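Respectively, the protein sequence lines represent chains A and B. In terms of the working numbering, the first sequence is residues 1 to 328. In terms of the working numbering, the second sequence is residues 329 to 542. Data first, discussion second: the structure below is written as structure tokens.
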Amino acid sequence: MHLRQRSDIRASEITPEAVYRQRRNVIKMLGLGAAGLVAGCGSENAPSAAAEAPAAEPKALSVTRKGEYTLTDPPTSYKDATHYNNFYEFGTDKGDPARNSGRFRPTPWSVEIAGHAEVTGKYTLEDLLRPHALEERIYRHRCVEGWSMVIPWNGISLADLLKRFKPTAQAKYVAFTTVNRPSEMPGLRDAVLDWPYREGLRIDEAMHPLAFLATGLYGRELPNQNGAPLRLIVPWKYGFKGIKSIVKIEFVEVMPRTTWNIAAPREYGFYSNVNPDVDHPRWSQRTERRIAGDGLNLFGNRIGTRPFNGYADQVAGLYAGMDLRKYF
Amino acid sequence: MFKDRIAASKPAFFLLCLAPLAMLVWDTLRNDLGTDPVAQLEHRSGLWALRLLLATLAITPLRRVSGWHKAMRYRRMLGLFAFFYASLHLLIYLFVDLGGYWADVFAQIAKKPYITVGFTAWLLLIPLAVTSTQKMMRRLGRRWGQLHKFVYATALLGLLHFLWLVKADKREPLFYFAVFAALMLWRLPQVRINRPGKRPSPPRHTSAAQTQSD
Numbered sequence: 001m002h003l004r005q006r007s008d009i010r011a012s013e014i015t016p017e018a019v020y021r022q023r024r025n026v027i028k029m030l031g032l033g034a035a036g037l038v039a040g041c042g043s044e045n046a047p048s049a050a051a052e053a054p055a056a057e058p059k060a061l062s063v064t065r066k067g068e069y070t071l072t073d074p075p076t077s078y079k080d081a082t083h084y085n086n087f088y089e090f091g092t093d094k095g096d097p098a099r100n101s102g103r104f105r106p107t108p109w110s111v112e113i114a115g116h117a118e119v120t121g122k123y124t125l126e127d128l129l130r131p132h133a134l135e136e137r138i139y140r141h142r143c144v145e146g147w148s149m150v151i152p153w154n155g156i157s158l159a160d161l162l163k164r165f166k167p168t169a170q171a172k173y174v175a176f177t178t179v180n181r182p183s184e185m186p187g188l189r190d191a192v193l194d195w196p197y198r199e200g201l202r203i204d205e206a207m208h209p210l211a212f213l214a215t216g217l218y219g220r221e222l223p224n225q226n227g228a229p230l231r232l233i234v235p236w237k238y239g240f241k242g243i244k245s246i247v248k249i250e251f252v253e254v255m256p257r258t259t260w261n262i263a264a265p266r267e268y269g270f271y272s273n274v275n276p277d278v279d280h281p282r283w284s285q286r287t288e289r290r291i292a293g294d295g296l297n298l299f300g301n302r303i304g305t306r307p308f309n310g311y312a313d314q315v316a317g318l319y320a321g322m323d324l325r326k327y328f
Numbered sequence: 329m330f331k332d333r334i335a336a337s338k339p340a341f342f343l344l345c346l347a348p349l350a351m352l353v354w355d356t357l358r359n360d361l362g363t364d365p366v367a368q369l370e371h372r373s374g375l376w377a378l379r380l381l382l383a384t385l386a387i388t389p390l391r392r393v394s395g396w397h398k399a400m401r402y403r404r405m406l407g408l409f410a411f412f413y414a415s416l417h418l419l420i421y422l423f424v425d426l427g428g429y430w431a432d433v434f435a436q437i438a439k440k441p442y443i444t445v446g447f448t449a450w451l452l453l454i455p456l457a458v459t460s461t462q463k464m465m466r467r468l469g470r471r472w473g474q475l476h477k478f479v480y481a482t483a484l485l486g487l488l489h490f491l492w493l494v495k496a497d498k499r500e501p502l503f504y505f506a507v508f509a510a511l512m513l514w515r516l517p518q519v520r521i522n523r524p525g526k527r528p529s530p531p532r533h534t535s536a537a538q539t540q541s542d
């Protein structure tokens, strides 16, 4: 898969974050900088990072860098990526998830794998992740509301994980469910959406190399507000497809119902591919406001939105022959 | 220097109405507008336009309920500041948010209901602001009151603008809708009660033209 030109890489542009540099130094110090290292979600691997970071900072991850999934776009700061979140289970204001997720317990965690697959059952997160090397992918993140970020995620290929369970021919779709813990997620008390949050992908979308399961960002474990401990990233779709705090993955034959589609079927389709030519019924999707860099950026943030969020070369083939206005 | 206490309080009231702008400028200079500063500037300027517009609609109920008829004399300033914040809101949208992306502006005004109603609300405020002077009140006479009934439409359109841009959690715009509804409902029996001629006499220091506009 050809994801971007070699000449596009400018490492200096993608790592301005102090936290991020720190993580990379830790990896270098531990002699893990080179490619090919297999590591679990091993926080104990990086004690020095934990010591350097403020107490409240999430633990550092050991990540195998993969150069082929990167971008030249300046990244969003760690602070912005972790303090401007749509995670309605913790409240509908974008500051609510960071404010209200302190009581959420992402460990221990288990995920149920169910449906049309040869292997199913309930697995601890450690067991799920053990065979995989954590990698980094810098992806564009486009919210359906019209803003976007550039975030270095850490995690594993969704396809690599799904294949281990040997989905059968009846597995036409994959359905995901978020945890439902009203005592730890105050937003669940309000019937803003039909809880628990559910999302879904067609099986070929789920098996696409770009589809990703994140356990961290900026080289650290996911903070609660970003969907700890396991969340989906589908960079060519609007952000709400990236379901957070996943407890169930089910292979199903019929297109699953998804939360935002239930809430407003005219506004949010099952596919929800980023598409500047198909407006949200209430607002335009032609452009987006990019949240990136440090300091105050008042001007020049607006940029054109690209088909499939700039990943058309990789994913447009999944939708060949489909009327994207109808299947929005 | 001032003819009475209301007149003397007006400079302070003027500064009070500027306080939201001062806060916006302060937060901008301190880079304290959060992750999406442009959205914050838009949200807060729009919210103050709406709040001040609702405040103008609250003056008449306040007068009648409290008997403090001089409250009327703050109404013009409130209305003009509502127009000021609405204009600021529009300017931030056009020049800070959209930046160079103006090609779509007219298409959006025509096609996107929340922008259509927001822009219409601002347009309707222009004749009200232009005719807010004593001179225009006298010149327009009875028609001044009729013209200024547009304020109800403006408030409604502003509320719709807010409601339609919210993705799912409509509680905040609905709160302002409730305030508007309460102010409108209060007027209903008033209309009936006042018909036989029981309308309170115009308060002192207030021109007859002003009382026609409630």
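Cβ atoms here follow ideal geometry from the backbone N, Cα and C, with glycine treated the same way. Note that the coordinates shown come from a computational prediction; the quantities given were computed from them, not determined experimentally.
Supposed contact pair residue j and residue i - C-beta distance, whole angstroms, cut 8 Å
| i | j | result |
| --- | --- | --- |
| A292 (chain A) | M149 (chain A) | 7 Å |
| I334 (chain B) | K398 (chain B) | 5 Å |
| N331 (chain A) | S77 (chain A) | This structure gives no information on residue 331 (chain A), because the portion of chain A shown stretches from 1 to 328. |
| I262 (chain A) | T178 (chain A) | In fact, because the Cβ distance is near 14 Å, the residues do not count as touching under 8 Å. |
| Y319 (chain A) | V274 (chain A) | Contact doesn't hold; Cβ gap of about 12 Å is too wide. |
Spatially closest choice to residue i from the options, by CA coordinates
| i | options | result |
| --- | --- | --- |
| Y271 (chain A) | A:A316, A:A228, A:N297 | A:A316 |
| G187 (chain A) | A:A60, A:G91, A:G295, A:P74 | A:G91 |
| F104 (chain A) | A:M207, A:I243, A:P182 | A:P182 |
| K166 (chain A) | A:R189, A:H116, A:H208 | A:H116 |
| A329 (chain A) | B:Y504, B:A496, B:L511, B:L416 | The structure shown has nothing for residue 329 (chain A), since chain A only spans 1 to 328. |
| Y69 (chain A) | A:M207, A:E136, A:G295, A:T168 | A:E136 |
| A510 (chain B) | B:T388, B:G473, B:R404, B:Q462 | B:T388 |
| G300 (chain A) | B:L422, B:Y504, B:I437 | B:L422 |
| L210 (chain A) | A:Y218, A:W236, A:G219, A:L193 | A:W236 |
| P196 (chain A) | A:Y88, A:L129, A:G95, A:V119 | A:Y88 |
| D432 (chain B) | A:A171, A:S157, A:S284 | A:S284 |
| N297 (chain A) | B:F412, B:T356, B:M329 | B:T356 |
| T448 (chain B) | B:F505, B:W354, B:T482 | B:T482 |
Residue i and residue j closer than 8 Å at C-beta
| i | j | result |
| --- | --- | --- |
| F176 (chain A) | I233 (chain A) | no |
| L456 (chain B) | F478 (chain B) | yes |
| Y173 (chain A) | R202 (chain A) | yes |
| F212 (chain A) | G304 (chain A) | no |
| G407 (chain B) | S337 (chain B) | no |
| A114 (chain A) | E253 (chain A) | no |
| A347 (chain B) | T384 (chain B) | no |
| L222 (chain A) | I138 (chain A) | no |
| G486 (chain B) | A350 (chain B) | no |
| A228 (chain A) | P108 (chain A) | no |
| H280 (chain A) | E288 (chain A) | no |
| R306 (chain A) | G427 (chain B) | no |
| G473 (chain B) | H417 (chain B) | no |
| F341 (chain B) | M405 (chain B) | yes |
| L230 (chain A) | T215 (chain A) | yes |
| A159 (chain A) | H83 (chain A) | no |
Residue i - containing alpha helix (DSSP H), residue span
| i | result |
| --- | --- |
| N100 (chain A) | 96 to 100 |
| T259 (chain A) | 259 to 263 |
| G446 (chain B) | 441 to 458 |
| L416 (chain B) | 403 to 419 |
| G486 (chain B) | 478 to 493 |
Segment limits, beta strand (DSSP E) that includes residue i
| i | result |
| --- | --- |
| Y139 (chain A) | 135 to 142 |
| K79 (chain A) | Counting along the chain, K79 (chain A) falls outside any beta strand (DSSP E), though it belongs to the alpha helix (DSSP H) covering 78 to 83. |
| R198 (chain A) | 198 to 202 |
| R391 (chain B) | R391 (chain B) -> not in any beta strand (DSSP E); alpha helix (DSSP H) instead, spanning 365 to 394. |
| S148 (chain A) | 147 to 157 |
CB contact below 8 Å: residue i versus chain D
| i | result |
| --- | --- |
| R391 (chain B) | Annotation note: the requested chain D is absent from the structure, which comprises protein chains A and B. |
Cβ-based contacts, 7 Å cut-off: residues of the region 262 to 289 of chain A near chain B
Within the region 262 to 289 of chain A, the residues whose Cβ lies closer than 7 Å to some Cβ of chain B are A263, R282, W283, S284, R286, T287, R289, listed in chain order.
Below 8 Å between beta carbons is the criterion; list the residues of the region 82 to 94 of chain A that meet it against any residue of chain B, in chain order.
H83, Y84, Y88, T92, K94
Any C-beta of chain A within less than 9 Å: which residues of the region 441 to 475 of chain B qualify?
P441, Y442, I443
The region 301 to 314 of chain A: positions lying closer than 7 Å to chain B by Cβ:
N301, R302
Where the region 136 to 158 of chain A meets chain B: residues whose CB sits under 7 Å from a CB there:
E145, W147
Please list the residues of the region 332 to 366 of chain B that have a C-beta atom closer than 8 Å to any C-beta atom in chain A, keeping them in chain order.
T356, N359, L361, G362, T363, D364, P365, V366
Which residues of the region 182 to 206 of chain A have a Cβ closer than 9 Å to any Cβ of chain B? Give them in chain order.
D190, V192, L193
What are the residues of the region 393 to 419 of chain B that lie near chain A, defined by any Cβ-Cβ distance shorter than 7 Å?
none
Which residues, taken in chain order from the region 221 to 233 of chain A, show a beta carbon closer than 8 Å to some beta carbon of chain B?
none
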